[in-house]
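Below you'll find the structure, written out as structure tokens, and then a few comments.
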Amino acid sequence: MFDPASRIDLALTAMNAELPTATPELDALFAKLRAARENAERRATTQRIWSVWCSHADAAAAEAMRTVVGAFDSGELDHVGDTLDRMVDRWPDWAEAWNKRATLRFVEDRHTESLDDIARTLEREPRHFGALSGLGQICLGHGDLTSALLAFERVLSIDPGVREVRHAVAMLRERAQPTIH
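Here the sequence shown is numbered in the numbering used here, starting from 119 and rising by one per residue.
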């Protein structure tokens, strides 16, 4: 039976990791995202953040990510797992490689492994709203409403304009029972 508690705790701890150093472009984009008042500005800023996360100085890494993104876009995920395994082995400091593998594992209902990769993502980029959203979804799916609330509240601290997350937070605040993590 799947017991996600220890892995959820690891991911919750990782979301409190130190911010990466020397990321002035991302720092500016996150400040802009927090201040965005219009949906168009928010969407454009979010898209730019994803673009930065998916980019890499190594041409082979960038090409591998394009292959992975293309597989996700087309829904043809049969062979992308091997590519992602190679990516996290070859570029272990690349948060987005870990996040893409976490996403694949989530889609494949491999939540234990997805949580492990979410933690690795958040250790490298604790502002990763995609990984945090995935963490929240897994927590919801396994009935850990308090952990889901923590993850979704963190998403809102990064991007206060995500309406669906605001609604989830409101619902969870009414239903979650306080626990200690």
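C-beta: ideal position from N, C-alpha, C; glycine also.
Small disclaimer: the values here were computed from a predicted structure and weren't measured.
CA-to-CA distance, residue j to residue i, given in whole angstroms
{"i": "M119", "j": "A220", "result": "A caution first: M119 carries a pLDDT of 45, below 50, which makes its placement in the model unreliable, though a value can still be read off. Distance between the alpha carbons of M119 and A220 is about 20 angstroms."}
{"i": "D196", "j": "M205", "result": "16 angstroms"}
{"i": "A175", "j": "R184", "result": "13 angstroms"}
{"i": "P122", "j": "T230", "result": "6 angstroms"}
{"i": "R208", "j": "W216", "result": "11 angstroms"}
{"i": "V280", "j": "N157", "result": "9 angstroms"}
{"i": "V186", "j": "T201", "result": "7 angstroms"}
{"i": "L318", "j": "Q165", "result": "A question about residue 318 goes unanswered here, because the residues of the chain that appear run from 119 up to 299."}
{"i": "A182", "j": "A129", "result": "26 angstroms"}
{"i": "A237", "j": "A178", "result": "25 angstroms"}
{"i": "E232", "j": "H260", "result": "Here the sequence assigns Ser to residue 232, which means Glu is not the residue at that position. Straight-line Cα distance between these residues: approximately 13 angstroms."}
{"i": "P142", "j": "V273", "result": "20 angstroms"}
{"i": "D235", "j": "R242", "result": "11 angstroms"}
{"i": "I126", "j": "A162", "result": "31 angstroms"}
{"i": "I256", "j": "R228", "result": "10 angstroms"}
Terminal residues of the alpha helix (DSSP H) in which residue i lies
{"i": "N134", "result": "N134 -> no alpha helix (DSSP H), and no H or E assigned at all."}
{"i": "W168", "result": "157 to 172"}
{"i": "H285", "result": "281 to 293"}
{"i": "E143", "result": "142 to 153"}
{"i": "D203", "result": "198 to 208"}
{"i": "G261", "result": "Premise fails: G261 is in no alpha helix (DSSP H) and is neither H nor E."}
{"i": "E181", "result": "177 to 192"}
For residue i, the nearest candidate out of the options (CA to CA)
{"i": "N134", "options": "R160, L233, D145, L250", "result": "L250"}
{"i": "A146", "options": "A213, A182, V170, E241", "result": "V170"}
{"i": "A153", "options": "M289, G248, V283, P278", "result": "P278"}
{"i": "L290", "options": "E194, E271, E143", "result": "E271"}
{"i": "S173", "options": "E159, R161, D211", "result": "D211"}
{"i": "F148", "options": "A189, F247, D262, R284", "result": "F247"}
{"i": "L137", "options": "V198, I126, R245", "result": "R245"}
{"i": "W168", "options": "D227, E226, K218", "result": "K218"}
List, from N- to C-terminal side, the alpha helix (DSSP H) runs of 4 residues or more that fit wholly inside the region 214 to 243. 229 to 242
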